[in-house]
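A quick write-up on the structure given underneath.
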Amino acid sequence: MKINSPLEVYKYLPQTNCSDCGEATCMAFASHLIDRSLKLEDCKPILEDKFKKKYLELGELMAPEIREVIIGVGEKAVAVGGDDVLYRHQLTFFDQPAFAIDVWDTMPEDELIERVKFIRDYRKFYVGRFLTIDMIAVRSTSNDPARFKETVSKVMENTDLPLILCSLNPEVLKAGLKVAGKSKPLLYAATKDNWQAVSDLVLEYDVPAVLFAPDDLDTLKSLAGTFLEMGREDLILDPGTKPQGKDLRESFENFLKIRRAGVREGQRDIAFPLMAVPMTAYLANDDPVSASYWETVLTSIFSVRYGDIMILHSIEPYALLPELHIRDTIYTDPRTPVKVDPKVYEVGSPGKDSPVIVTTNFALTYYTVESDLASNGIDCYLLAADTDGLGVEAAVAGGQLTGKTITDGFNKDNFDFKNMTSHNTVILPGLAARLQGDMEDTSGLNVKIGPPDSGRIPGWMEKNWPPEVKS
Amino acid sequence: MAKKLKLSELGSMLSDLDVEALEGVHIEGDIELELDSMGGLNPQLSYMLGHETAQIAQHLINISRLLGYPVDQLLGATGLAPTPGVTRPQELLRAKFQVNRIEEWKNPIQEVTFGATSSDGGTRKSTVTVGGENALPYYFDSPMPHRNHITMDVFDMPIGMAKAVKANYEDVIDSPAEWAKKVVNDFGADMVTIHLISTDPMIKDTSAREAAETVADVLQAVDVPIVIGGSGNPEKDPEVLEKAAEVAEGERVLLASASLNLDYERIAKAANDYGHVVLSWTQLEINAQKELNRKLMKQCKVKREDIIMDPTTAALGYGLDYAYTNMERIRLAGLIGDNELSFPMSSGTTNAWGAREAWMVGSPLKEDSDWGPREYRGPIWEIVTGLTLALAGNDLFMMMHPGAVAVLKEITQSLHGSLDRDAIDISNWVSAEV
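Keeping their order, the protein sequence lines are chains A and B.
The first sequence begins at 435 in my numbering and counts up by one.
The second sequence begins at 540 in my numbering and counts up by one.
Listed below in structure tokens is the structure:
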């Protein structure tokens, strides 16, 4: 983004304060444009003809430093790139890296379909939503156009996830485009040897493409410049992912260099999304567990440092789970609040015999506990104690979670155990076990210690609930 | 008068001139534009000199064209254009990639050494040095002087552990000395951390004196540098660490830890009196970290070379985003000159095992896909947690699972550039049968 203050943006806006965008003033709208929480197109008046010049100028000034490339069509289309900063705390990273898992055209058909369905359906619940896999990379291991075409068709019959068509042979790519050409697949790849034929396909089908030049940034830049000359902006660069030793370090450096050139130095002709290929781990490891582990390690490195799209091979859950989590970790918006309102929440429809459970108001802790309870059909009251957004363990150590702060939390919300419950009992998290005495003294309640992880509450309930009520 | 003008020279010519002054430039005689290093009109030049310069270059090309010089042919712009309006170059534009180093990173991170050999009054066979960086880890701006190091956890009593971890320690769980030997000899630990958790009044309330004996046993059992950890009880820890520091006099151990919620002056004094290093521990708060470091230096007179920071490690999926960004901000602040933050960092990477994904048999949620076998999930959780923080600038890792230790060593040393491995040809990975 070439401008960074709302005032500069404001100059280009209609300045009518019409509030059609939902903001009270054009200045307020401008600050949302700066933090990219609203889009320029949310301002309807600026789309009118009389503002066209300003609209175009502002659009250019506000374009992200790294181009954004769209792959696929419809709901499942993915956007990659679009970043404006080198470190997430400076704003946030946009467009989390797209994960594509590979299939290949020499697979038996039943295995192919099973693998596609697995990729399509894999999901992991996390803080109120599901982490999923974004794309399928179809590789030609046969180098046979007819076979590739048939494989692409089979994949498309079973999923609407966007595709990457992978072959260095333009004839093979062309065969794939004959069936997938209308769904905007990503072509992998144009190289210094095949770029002319691949560029013919890119122009004919109007699709995004990866430019691949392993360990050679000059050639990579040449390829980018050449495609730009042809008017193509939807390009992705693959500088090569060497899987091990000093070569891996060189690959890592290449990602750093390209992104720095694009974001910090404004070198537009290299400011494209980057592709990492962690599945090269399989070229260096024969043992499948080692390969899968190493692929996870490479995926983590390039999720942290500037990989925008990746091709993976392992479908082992022990690889997928950390991969899905590390990219979420890095691409979570650091500007979103980390706390929920400190109060007593109702999970399901609690009554007088329902348990009363304590957790903290750290959003992650709260949502984890809440989803464990809701998913297992446990009706209860859940206090999100005000720990200023700390988790249980840290808040106990730091003194933000004590008998007093928990009691205050119930009192503030007028939660009276005598009226609301038949058992006069509160359940503390297992990690807050040391607060038991303090809590009993402060509140006069029966205090029970729950499990250290809320995932174990269902089992704990079977053994411990309802409680023996002391007289 | 014949003059040969190269574009690179044009750059230096123009940098000395006002753009306005160029309007008076007359092109006379035999000007030859050598376009070999065009690189898309050399964006470095364009970037440096701005848009105007690029336009002038374009003017010069136009003038060349007027003069009849075949500039278009050199630019490859006269190729056949099958699609109307689309330029089709006949060959790849030539380009040279170039990027600058970060000039603001001028303030090196403090170097800190653990352990003392006989020549320095200790009994360790080797020492471990961390810190000294002039750039973010593994960046090309400046080589990282020391690789990352790993200290493995030993506890002074049997504790609850994830199954995948416990399997490695069942034979030594009752003997801290044997446990320490095992992590050094079998698992390649660079250092050993002895956690005196039994001293917690809520656990066993082991006396400081007894705990110090355990420390002496561990020092006897291994010859690598050691870390001494308390129980985390803020009332008891100062006393425990004082006694431990005394028994380890001269060994240059790391005392874990000084924090704002206990009497950090006593920990600092113990380090100063007996020649140790202090771990300055805060909870995911950069300003608290500055404050504690300042107090250790100014109020407690701890020397810079005796401080390392633990800004807190949260597990992957459970706050690692805060831990990562907190460390990255601390390191960046140190590199550009904040001397209250320019210390090496340590991570309690073992915390990764607190994530349910690391230890639970399967997902507690029916809506989830299969989580797979936990014996593979746990170690990778520890690895990814550690690796992420390594990329943020963490130097020393406190870890638990031997498999995780081995992989984290391999990956951090690969990125450090200190490992030779076979070259792998990736040029045709796309058709590989794997």
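Glycine included, every Cβ here is placed at the ideal spot set by N, Cα and C.
Everything numeric in this text was worked out from a predicted model, so none of it was measured.
Got a sec, what are the start and stop residues for the beta strand (DSSP E) residue i sits in?
| i | result |
| --- | --- |
| His734/B | 730 to 734 |
| Trp538/A | 532 to 538 |
| His688/B | 688 to 694 |
| Glu650/B | 650 to 653 |
| Val881/A | 880 to 883 |
| Thr766/A | Counting along the chain, Thr766/A falls outside any beta strand (DSSP E), and DSSP gives it neither H nor E. |
Closer than 7 Å, CB to CB, is residue i near chain B or not?
| i | result |
| --- | --- |
| Met664/A | yes |
| Cys477/A | no |
| Gly843/A | no |
| Glu750/A | yes |
| Ile760/A | yes |
| Glu687/A | yes |
| His523/A | yes |
| Gly832/A | yes |
| Val826/A | no |
| Val572/A | no |
| Gly562/A | no |
Applying the 10 Å Cβ sphere with the 16-neighbour rule, what's the burial state of residue i?
| i | result |
| --- | --- |
| Asn438/A | exposed |
| Lys836/B | According to the sequence shown, residue 836/B is Met rather than Lys. It is buried - the Cβ of Met836/B has at least 16 other Cβ atoms within 10 Å. |
| Asp517/A | buried |
| Val837/A | The amino acid at residue 837/A is misidentified as Val; the sequence shows Gly. Flag for Gly837/A reads buried. |
| Glu672/B | buried |
| Phe564/A | exposed |
| Val613/A | buried |
| Leu645/A | buried |
| Lys948/B | buried |
| Met741/B | exposed |
| Lys486/A | exposed |
| Gln449/A | exposed |
| Ala706/B | exposed |
| Pro712/A | buried |
| Lys436/A | exposed |
| Gln629/B | exposed |
| Lys905/B | exposed |
| Ser770/B | buried |
| Arg748/B | exposed |
| Val443/A | buried |
| Pro542/A | exposed |
Go to residue i, then tell me how far its alpha helix (DSSP H) extends in each direction, as first and last residue.
| i | result |
| --- | --- |
| Tyr639/A | 629 to 639 |
| Arg868/B | 859 to 874 |
| Trp894/A | 891 to 898 |
| Phe689/A | 679 to 697 |
| Met590/A | 579 to 592 |
| Ile950/B | 941 to 955 |
Check whether chain A comes within 7 Å of residue i, counting only Cβ atoms and requiring the distance to be less than that.
| i | result |
| --- | --- |
| Glu972/B | yes |
| Phe636/B | yes |
| Asp802/B | no |
| Pro941/B | no |
| Trp910/B | yes |
| Val944/B | no |
| Asp959/B | yes |
| Ile965/B | yes |
| Trp968/B | yes |
| Glu643/B | no |
| Ser860/B | The sequence shown places Asp at residue 860/B, rather than the Ser named in the question. At least one chain A Cβ lies under 7 Å of Asp860/B. |
| Leu588/B | A caution first: Leu588/B carries a pLDDT of 46, below 50, which makes its placement in the model unreliable, though a value can still be read off. Leu588/B does not count as touching chain A. |
DSSP beta-bridge partners for residue i?
| i | result |
| --- | --- |
| Arg573/A | Trp538/A, Cys600/A |
| Lys558/A | Leu565/A |
Run through chain C and tell me which residues come within less than 8 Å of residue i, C-beta to C-beta.
| i | result |
| --- | --- |
| Asp907/B | Of the protein chains in the structure, A and B, none is chain C. |
Touching by the beta-carbon criterion (3+ pairs, under 8 Å), the stretch 789 to 804 of chain B and the stretch 656 to 667 of chain B: Contact between the stretch 789 to 804 of chain B and the stretch 656 to 667 of chain B is present, with at least three C-beta pairs closer than 8 Å.
Touch test, the stretch 883 to 893 of chain B against the stretch 916 to 928 of chain B, Cβ-Cβ under 8 Å, three pairs minimum: Short answer: they touch.
The stretch 847 to 857 of chain B / the stretch 811 to 828 of chain B touching (three or more Cβ pairs under 8 Å): The stretch 847 to 857 of chain B, when compared against the stretch 811 to 828 of chain B, does touch it at the 8 Å Cβ threshold.
Three or more C-beta pairs below 8 Å linking the stretch 764 to 772 of chain A and the stretch 802 to 819 of chain A: With the cut-off at 8 Å, the stretch 764 to 772 of chain A and the stretch 802 to 819 of chain A do not touch.
Three-pair Cβ contact test at 8 Å for the stretch 712 to 730 of chain B versus the stretch 757 to 774 of chain B: In short, these stretches touch, since the Cβ pair count reaches three.
Three CB pairs or more closer than 8 Å across the stretch 858 to 871 of chain B and the stretch 931 to 939 of chain B: Yes: the two stretches touch, three or more of their Cβ pairs being nearer than 8 Å.
The stretch 878 to 897 of chain A in contact with the stretch 862 to 870 of chain A per 3-pair CB rule at 8 Å: Yes, the stretch 878 to 897 of chain A touches the stretch 862 to 870 of chain A.
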